[in-house]
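Written out below as structure tokens is the structure these notes cover.
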Amino acid sequence: MDQGKFYWNDWGAVGHALGDVGLEWSREVTHPNIQSTGPEPAFAKQGQYILFGFSPENPEQGGHFHAYNRAGEELWVSEAPSDGKHNFPIDATISGDIAVVGARQKGGQLDGEQDPLVWGIDVDTGEELWAKSRDEHEMLKLGYVGSHDGDIYLGWGGGTKVLNKTDGTVIDSKDSWSITYAAWGGSTGHVHGETLFACAPQGVHAYPIGTNGLEWSYSDTGWPDAPLAVDNSLVVAAADEGDIYALERESGEERWTTSITGAVRAIDTSASHVWVGDRETGLTGYDRSTGEIVHRSTQPLDGEDIAVASDELVIGGDTVTGYSINF
């Protein structure tokens, strides 16, 4: 989602809609020698560039990233090696004229250890500029790729590495900055302002990456179910298949907590509410100040994503559907 514009990927397709208009364009996604492409949470946008990650149905083929402009024209495709180790596009970011993407093995470990790969791409041409493997960035199971002030941040359960975007060299290590991949998909890392917010096992953390960055920890949340939602006053996390935590952005203090039936798959916020999509109940809206339930759907979402822009809410699924928020 970006300023009232919604972007999504599905099996072999990408799309774009405006909150008050509906579908603007959709495109079929194809790749040579790959018969089926599955959508992954790896996604990035900046300026005119939109970047989507897809995984192959054949696990021996490589994960691949497709870049589009805002008009829906495909600009280039970049693919990880077809070696069985890099079939899962884990995350992506765009910083200036360089896109940085990461891939690792989907599912379980490979011989007890993952072999993540991160590479930099000229965002105009799709040319690969550099690539770094596990041995070079010392990360066992990559879970986050982000950027701030021209630097690249790679996160995993054992810490965070800061890379030079032009050549991929490590310029700093933050061993205490653990970032966990959510149980139901998607990195929990989220840069907002001068702070990197993230979940680590059993907690939510604020890591100060800029001079005005925040630093706090909220412990004992359990393993995260879904990526964080962060705005100017709230950080919302979900863990342990149904527990929801609304925390003050500036301090990490608890505003309210609640539980829902079914593992949470998506969270977003609007001016007055926190919206949660889970596998059992469906869509639930909470008053962002008190945690009181103000809306609950009657149709399960089966874990599909949600996104909010202004007074419009979009729900993904077999059919992507937009709703007006009338609260």
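Residues in the sequence shown are numbered from 1475 upward in steps of one, following the working numbering. Just so you know, even glycine gets a beta-carbon here, dropped at the ideal spot from N, CA and C.
Where G1642 and E1498 are concerned, what is the direct C-alpha to C-alpha distance, given to the nearest angstrom? Approximately 36 Å between the Cα atoms of the pair.
Simplified DSSP state of D1609, which is helix, strand or coil: helix
Report buried or exposed for A1541, applying the criterion of at least 16 other Cβ atoms within 10 angstroms of its Cβ. buried
For Y1523, report the span of its beta strand (DSSP E) as first-last. Y1523 to P1530 is the extent of the beta strand (DSSP E) around Y1523.
Is P1513 closer than 8 Å to N1543 when the C-beta atoms are compared? Taking 8 Å as the Cβ cut-off, N1543 and P1513 do not qualify as a contacting pair.
Considering only the beta carbon of each residue, do T1567 and I1653 sit closer than 8 Å? It is not a contact, given that the beta carbons lie outside the stated cut-off.
Would you say the beta carbon of G1684 is closer than 7 Å to some non-hydrogen atom of the ligand ADP? The ligand ADP is not among the ligands present in this structure, which contains no ligands whatsoever.
Sorted by chain position, which residues of the same chain lie with C-beta nearer than 6 Å to D1761's C-beta, five sequence neighbours on each side aside? V1768
Taking its Cβ as the centre, do 16 or more other Cβ atoms sit within 10 Å of G1521, making it buried, or is it exposed? exposed
Note down, in chain order, each residue of its chain lying with its Cβ closer than 8 Å to the Cβ of G1677, except the 5 sequence neighbours on either side. Answer for G1677: S1691, Y1692, S1693, D1694 and T1695, listed in chain order.
Specify the secondary structure class of I1741 as computed by DSSP and reduced to three states. strand
Could you tell me the distance, in whole angstroms, from the CA atom of I1564 to the CA atom of I1645? 22 Å
Here's the rule: buried if 16 or more other CB atoms are within 10 angstroms of the residue's CB, otherwise exposed. What is W1749? buried
Quick one: residues in its chain with C-beta nearer than 7 Å to the C-beta of L1492, no 5 flanking neighbours on either side, listed in chain order? Here the set comprises G1478, K1479 and E1498.
How about S1661 and Y1719: do their beta carbons lie closer than 8 Å? Their beta carbons are not under 8 Å apart, which means S1661 does not touch Y1719 by this criterion.
For the beta strand (DSSP E) containing W1749, name the first residue and the last one. H1747 to D1752
Would you kindly work out how many angstroms separate the C-alpha atoms of I1595 and W1630, rounded to a whole number? Those two C-alpha atoms are separated by around 22 Å.
Apart from the five residues just before and just after T1669, which ones in its own chain have a Cβ nearer than 7 Å to its Cβ? A1680, Y1681, P1682, I1683, G1687 and L1688
Where I1508 and A1487 are concerned, what is the direct C-alpha to C-alpha distance, given to the nearest angstrom? 14 Å
Skipping 5 residues on each side, what residues in its chain have a beta carbon closer than 6 Å to that of V1738? D1699, A1700, A1712, V1750 and D1752
By how many angstroms is the C-alpha of Y1655 removed from the C-alpha of A1745? When rounded, the distance between both Cα atoms is 27 Å.
Whole-angstrom distance between E1602 and A1577, CA atom to CA atom: Between A1577 and E1602, the C-alpha separation is close to 14 Å.
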